[in-house]
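Participant: One structure coming up, written as structure tokens, with questions to follow.
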Amino acid sequence: MRRSLVEPDQEELSISRQCSLLGISRSAYYYRPTGVSAQDLERMRILDEVFTKRPYFGSRRLGEALQERGDHVGRDHVRTLMQRVGLAAVYPKKRLSVPEEGRRVYPYLLRALVIERPDQVWCSDITYIRLWRGFAYLVAVMDWYSRYVLAWELSLSLEGSFCVAALQAALVVSTPEVFNSDQGSQYTAAGFTQELLGRGVRISMDGRGRAFDNVMIERLWRTVKYEEVYLKEYAHFFAARESLGEYFRFYNEERRHSGLDGRTPSAAYWRGHACARKAG
Numbered sequence: 000m001r002r003s004l005v006e007p008d009q010e011e012l013s014i015s016r017q018c019s020l021l022g023i024s025r026s027a028y029y030y031r032p033t034g035v036s037a038q039d040l041e042r043m044r045i046l047d048e049v050f051t052k053r054p055y056f057g058s059r060r061l062g063e064a065l066q067e068r069g070d071h072v073g074r075d076h077v078r079t080l081m082q083r084v085g086l087a088a089v090y091p092k093k094r095l096s097v098p099e100e101g102r103r104v105y106p107y108l109l110r111a112l113v114i115e116r117p118d119q120v121w122c123s124d125i126t127y128i129r130l131w132r133g134f135a136y137l138v139a140v141m142d143w144y145s146r147y148v149l150a151w152e153l154s155l156s157l158e159g160s161f162c163v164a165a166l167q168a169a170l171v172v173s174t175p176e177v178f179n180s181d182q183g184s185q186y187t188a189a190g191f192t193q194e195l196l197g198r199g200v201r202i203s204m205d206g207r208g209r210a211f212d213n214v215m216i217e218r219l220w221r222t223v224k225y226e227e228v229y230l231k232e233y234a235h236f237f238a239a240r241e242s243l244g245e246y247f248r249f250y251n252e253e254r255r256h257s258g259l260d261g262r263t264p265s266a267a268y269w270r271g272h273a274c275a276r277k278a279g
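Under numbering that gives the first Met the number 0, residues 0 to 279 are what the sequence shown spells out, in order.
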């Protein structure tokens, strides 16, 4: 953002002086990030598919999956690709005892909890969506009891604003008692947690490296990937957003679940609300 404030045609202040005043180096101003190579895009697709099947795989096992396909890529590069795909959140980081400024990690509250009604627990996660030439990130907010997707957003970056937008859209529908997510920076940011705390929502976060603490939304991602994403070649971001919108409408309104006694997520969610009102 600061780099965009530099005015190269400014006559009174040189670029060096503007950079100095803005607190950035000249090299940072002139730097232009390189795009992801076609080879790395293919690697990211493979990592995504393998991780969707085996969410407990770390960089070593995922690297082996690439090697089995004849691609002998180094483990450090595998870690870099995992971060691009958004898989790094389930792995321990260095200096775990030192939280980032303004961020707080909350304890996991779902262990041994019996979830028996809508809005008792919501959950959220981010997953990688491959495009024909590039990639995007999908976030969803889902009711744990009914599997109903209350809101979702697609973004070209992992900046937290799209997660806040999805949460705000979900909160228009209702308010949960507990909100569960991983410990990613998007969910620990004050801007996100304050949306929940301001409504009296209890925050729950998965343990580090415990991919199955948020198992319901992991199942959602497998469903979305196998029934939608892996069957499509999205030409661009807007094509992906339109197609995913159609899929989530189908998922909520038409796709029946054996775990919901053959009902759709929408039917299970709103019937649960109706029963709660009668009981009240």
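Glycine included, every Cβ here is placed at the ideal spot set by N, Cα and C.
#1: Curious, which full-length beta strand (DSSP E) runs of at least 3 residues does the stretch 89 to 175 contain?
#2: Expressed to the nearest angstrom, what Euclidean distance is found between the alpha-carbon atoms of P264 and Q38?
#3: Check whether the Cβ atoms of V285 and L61 sit closer than 8 Å, and answer yes or no.
#4: Have a look at I114 and Q193 and give me their C-alpha separation to the nearest angstrom.
#5: What's the C-alpha gap between I128 and E152?
#6: Does the Cβ of V172 have 16 or more other Cβ atoms within 10 Å, making it buried, or fewer, making it exposed?
#7: Could you say if the stretch 124 to 144 and the stretch 41 to 54 meet the contact criterion of at least three C-beta pairs nearer than 8 Å?
#8: Does the separation of the CB atoms of Y147 and Q119 fall below 8 Å?
#9: Below 8 Å on the Cβ atoms is my guess for Y136 versus L109; work out the distance and round it to an integer in Å.
#10: At which residues does the alpha helix (DSSP H) containing S58 begin and terminate?
#11: If we ignore side chains and look at the alpha-carbon of each, how far apart do Y233 and S242 end up?
#12: What does DSSP give as the partner residues of R201 in its beta bridges?
#13: Output needed for R262: all residues of its chain with C-beta closer than 6 Å, excluding positions within five of it in sequence on either side, in chain order.
Facilitator: With the given structure in hand:
#1: 120 to 130, 133 to 142, 148 to 154
#2: Note on geometry: alpha-carbon atoms of P264 and Q38 lie some 39 Å from one another.
#3: With the chain running from 0 to 279 in the structure shown, residue 285 is simply not present.
#4: Rounded to whole angstroms, the separation of the alpha carbons of Q193 and I114 is 24 Å.
#5: 12 Å
#6: Label assigned to V172: exposed.
#7: yes
#8: no
#9: Rounded, the Cβ-Cβ distance is 24 Å, inconsistent with contact.
#10: 58 to 66
#11: Each residue's alpha carbon lies about 8 Å from the other.
#12: V177
#13: none
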